[in-house]
Structure formats: structure tokens, C-alpha cells
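Enquirer: Number 191 in the UniProt record's numbering belongs to position 191 of the sequence shown; there are no gaps in the numbering. Beta carbons are placed, not taken as given, at the ideal position from N, Cα and C, and that holds for glycine. This one's a predicted model, so the numbers in the text were calculated from it and none came from an experiment.
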Amino acid sequence: MVTRRIGNAYDSLDEETRRWMLVELDEDEQGGVLYYPPLLTDRGREEYRWLLREALKHHDDAWLAHGLDKPGLLRIELADSETMGMSQRGRRGPRWRTRIEQPNAEAMGTSPAEVPMSVIDDMAADEFNRYYSRGVCRRVLESGLGQVEIYKIEAGANLHLSYPVPGSENADHAREVEAGRDIDADYLLGKLRRNPEEETGEALPGAPGSGLSVRLPA
1 MVTRRIGNAY DSLDEETRRW MLVELDEDEQ GGVLYYPPLL TDRGREEYRW LLREALKHHD
61 DAWLAHGLDK PGLLRIELAD SETMGMSQRG RRGPRWRTRI EQPNAEAMGT SPAEVPMSVI
121 DDMAADEFNR YYSRGVCRRV LESGLGQVEI YKIEAGANLH LSYPVPGSEN ADHAREVEAG
181 RDIDADYLLG KLRRNPEEET GEALPGAPGS GLSVRLPA
């Protein structure tokens with residue numbers, strides 16, 4: 001029997017943070033910009049909205065992954081060694097290619113296990129962490145503060161990365177991503193609201209595949 005991993009440790013995940021996570025989700029839905037991971041079938045997209053909301057309201061990324069690991073919800077991934085192989089931080093990057101030759105696992109009589117469990121786990125962790133990080137940023141901003149603290153949420157996180165300094169006109173002026181360092185909450189929130197498939201060239205906590213997250217400042 002394969003055991004699903006335990007969900008990530010979200011240091012500032014409490015009722016107040018969850019409230020702001022749900023506000024962010026509501027605004028995405030109302031604005032028609034809710035992101036659907038490409039592995040989802042049409043039925044999966046319908047289920048995902050409810051599963052994501054329940055996860056943000058009551059549960060975590062592991063619960064979301066478990067809910068998505070059902071027949072007919074995910075497309076069968078036929079990935080090459082590059083996309084399924086080791087990325088710079090120990091697992092796949094934030095984007096991966098799919099070949100939709102068998103779009104409905106349930107209709108084809110195939111098992112959801114054909115989509116590797118690690119892929120489902122990573123997909124759920126990426127999206128939960130993105131809304132969690134947005135919720136923390138929104139909470140901090142609404143309280144009149146301006147910074148959130150970066151921390152490593154996964155063991156394979158790459159801390160040898162950098163991102164542009166907000167407000168700097170110098171493209172070469174960058175700040176290293178470092179655990180324990182603060183980052184501007186308004187800047188990060190704006191970036192995390194973008195479609196995860198948009199290439200920004202930036203490595204930010206809360207972004208898919210980063211292995212980094214944020215918490216309330218000490």
C-alpha cells in the first residue's frame with residue numbers, strides 16, 4: 001500500500017489566514033480568473049472548485065491531493081524523462097507538458113494511479129501554497145503591515161535564487177531568496193495573483209515549484 005505524504009507545514013495557517021485565502025479565491029472566481037491545473041478533465045475542473053474551497057476552508061494540501069486522486073478527474077500524463085525527472089530543487093518544476101491522447105481515465109477504464117501520485121501531490125501543494133501565501137500577504141496588508149517572512153516549506157527548496165527588488169529601475173538589482181528574510185507583501189501578492197503558467201523569470205515564495213512559502217512577520 002502506498003502512503004500519501006503528510007501535508008506541508010503552513011506556519012501561519014489559522015482561521016484568520018483561511019478567511020483571507022477564501023477572499024482571494026472568491027475574487028478569482030468572480031473575476032473569471034480561477035486557475036485550473038492542466039491535468040484536470042472537464043469533470044475534474046467541476047470537482048476542483050469545490051475541493052479547493054473545502055481545502056482552503058478546513059483542510060490542507062494533502063486533503064486536496066486525496067480528493068483529486070479519483071477516477072475521471074485527471075488526464076493521463078505521458079511525460080518524458082525531462083518533465084518527470086529531477087528539477088533544480090528535487091522535483092518537477094512549476095510547469096509540465098501533457099499529451100492528451102486519453103483524456104478521461106474513467107471512460108478509458110484506466111486507473112488514476114497512471115497519473116503518478118507525486119504529480120498529484122505536487123499539483124495540490126502548489127495551488128494550496130499559492131492561496132495560503134496570498135492569504136498571509138492579504139492579512140498582513142489589511143492589518144497595516146508591509147512585510148512577510150520567507151521560509152522553506154519543502155526540503156528540496158532552492159534558496160540560491162533571486163527576484164527583482166520592487167520599485168527598482170535597475171533590472172540587475174536583485175535580492176536573494178533567503179529563508180528568514182522579509183519580502184514586500186504587496187509585491188508578492190500581485191505576483192501570486194497572476195496565472196501560474198505565465199513565465200515571469202522570477203523565483204518567489206508561494207509560486208508553483210518553489211518549495212518556499214511565507215508566514216507572518218515575527
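Does the Cβ of L188 have 16 or more other Cβ atoms within 10 Å, making it buried, or fewer, making it exposed?
Expert: As a position in the sequence shown, residue 188 is number 188, starting the count at 1. The residue in question, L188, is buried, as its Cβ has 16 or more Cβ neighbours within 10 Å.
Enquirer: Among G135, E46, D182, which has the Cα closest to the Cα of E149?
Expert: One-based indexing of the sequence shown puts residue 149 at position 149. Comparing Cα positions, the closest option is D182.
Enquirer: Smallest Cα separation from V214: which of M21, M117, Y151?
Expert: Taking the first residue of the sequence shown as position 1, residue 214 is located at position 214. Here the closest residue by C-alpha is Y151.
Enquirer: Beta-carbon within less than 7 Å of V136's beta-carbon, same chain only, minus the 5 sequence neighbours each way: which residues are those?
Expert: The residue given as residue 136 occupies position 136 in the sequence shown. Excluding residues within five positions, the ones whose Cβ falls inside 7 Å are S12, T17, V148, V214, R215, L216.
Enquirer: Mind checking whether L56 and L22 have CB atoms under 8 Å apart?
Expert: For the purposes of this step, residue 56 is identified with residue 56 of the sequence shown, where counting begins at 1. For the purposes of this step, residue 22 is identified with residue 22 of the sequence shown, where counting begins at 1. In contact: L56 and L22 (Cβ atoms closer than 8 Å).
Enquirer: In whole angstroms, what is the alpha-carbon distance linking G7 and G31?
Expert: Numbered from 1 along the sequence shown, position 7 holds the residue referred to as residue 7. Numbered from 1 along the sequence shown, position 31 holds the residue referred to as residue 31. So the alpha carbons of these two residues sit roughly 29 Å apart.
Enquirer: Determine the direct distance from the alpha carbon of A62 to that of E154, and round the result to whole angstroms.
Expert: To locate residue 154, count along the sequence shown from 1; it is residue 154. To locate residue 62, count along the sequence shown from 1; it is residue 62. Roughly 14 Å between the two C-alpha positions.
Enquirer: Residues in its own chain within less than 7 Å of V2 by CB, not counting five upstream and five downstream?
Expert: Position 2 of the sequence shown, counted from the first residue, corresponds to residue 2. Below a pLDDT of 50, predicted positions are generally treated as unreliable, and V2, at 46, falls in that range; the measurement from the model is reported next regardless. Cβ neighbours of V2 beyond the five flanking positions: M117.
Enquirer: Cα separation between N195 and Y36?
Expert: Position 195 of the sequence shown, counted from the first residue, corresponds to residue 195. Position 36 of the sequence shown, counted from the first residue, corresponds to residue 36. Straight-line Cα distance between these residues: approximately 10 Å.
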